[in-house]
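In UniProt numbering, the protein residues as written are 1 to 300.
This is the structure:
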């Protein structure tokens, strides 16, 4: 993610399942300091047009401009859509579906009343399509919008082999991977290394709900006790230390999460705490590797 120059949070605000509250929550998140927003052209779970409403409402009273924000949306293939509520004609080719979906997103996420200057910071393929040929057709159609109307591309819900295939067979390389961060995938340890080695940002979802054992673990409790933040924010911070950018979809802790994350960053920056913070992150990494190894061998 090419972060806005004044963005201090290493986190995106997630807008799934917000329904009619989407616009007000997006505006609230932006006001609190979430300057990166994640959405999708998938009416089944996202209200992308209301995300745009929230962005425009915020910009109308803010000193910041569109260039200070990061807006990320997704092309969702037919399998992930409500067939009765689509941003494209499903009878057309995948290429045409992508074009229609992106046109809809550019209109929805416009920062003023005309869509002429509208752009998307990152367009994410919501999930691989049933075949690699279809996946590459969608990717190539998305690539046609880069670098003008779309600044970068990403993929969500991907495996390492599919990510590697896209990387090796595309002109426009993925800049973002957005995956579930949980035990069932071994916390994507191998995939995350590929991302690190190739300059791809790894974004996580299910960071809290998929990891109750981490949320209630000793490392999180230690951070909570030393810094005085919630367990949720402590886990977010430890995950960030692994080079992961979490998606935070809170509806009730927007301001407090931002305040506590800021508190944690200041705590980590103090000389006497730097070593402690690094040890916590190293311990988290080692623990996940050990657990992932055990889970892999147990499954054999």
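Backbone N, C-alpha and C fix where the C-beta goes; we use that ideal spot for every residue, glycine too.
Excluding sequence positions up to five away, which residues of its chain have a Cβ less than 7 Å from the Cβ of residue i?
{"i": "residue 95", "result": "137, 141"}
{"i": "residue 283", "result": "219"}
{"i": "residue 158", "result": "128, 177, 179"}
Just grab the DSSP bridge partners of residue i for me.
{"i": "residue 14", "result": "38"}
{"i": "residue 274", "result": "BP columns for residue 274 are empty, so no partner."}
{"i": "residue 247", "result": "12"}
{"i": "residue 264", "result": "Beta-bridge pairing links residue 264 to no other residue."}
Using CA atoms only, rank isn't needed, just tell me which of the options is closest to residue i.
{"i": "residue 177", "options": "74, 24, 80", "result": "74"}
{"i": "residue 199", "options": "64, 243, 92", "result": "243"}
{"i": "residue 62", "options": "194, 35, 165", "result": "35"}
{"i": "residue 125", "options": "287, 26, 76, 112", "result": "76"}
{"i": "residue 249", "options": "216, 205, 168", "result": "205"}
{"i": "residue 109", "options": "121, 98, 99", "result": "121"}
Spatial neighbours of residue i within its chain, please: CB distance less than 6 Å, with the 5 preceding and 5 following residues excluded, ordered by chain position.
{"i": "residue 226", "result": "none"}
{"i": "residue 241", "result": "281"}
{"i": "residue 38", "result": "12, 14, 72, 247"}
{"i": "residue 123", "result": "142, 150, 153"}
{"i": "residue 107", "result": "115"}
{"i": "residue 23", "result": "50, 53, 54"}
Which of the three DSSP states is assigned to residue i in this structure?
{"i": "residue 73", "result": "strand"}
{"i": "residue 239", "result": "helix"}
{"i": "residue 22", "result": "helix"}
{"i": "residue 64", "result": "coil"}
{"i": "residue 55", "result": "helix"}
{"i": "residue 150", "result": "strand"}
{"i": "residue 45", "result": "coil"}
{"i": "residue 229", "result": "coil"}
{"i": "residue 286", "result": "helix"}
{"i": "residue 256", "result": "helix"}
Subject >> Runs of beta strand (DSSP E) wholly within the region 155 to 221 (minimum 3 residues, chain order) >> reply: Along the length of the region 155 to 221, whole beta strand (DSSP E) runs at least 3 residues long occupy 174 to 180, 201 to 205, reported in chain order.
**OP:** Write down every uninterrupted run of the alpha helix (DSSP H) in the region 79 to 144 whose length is 4 residues or greater and which is fully enclosed by it, in chain order.
**Re:** Listed in chain order, the complete alpha helix (DSSP H) runs (minimum 4 residues) inside the region 79 to 144 are 94 to 108, 132 to 143.
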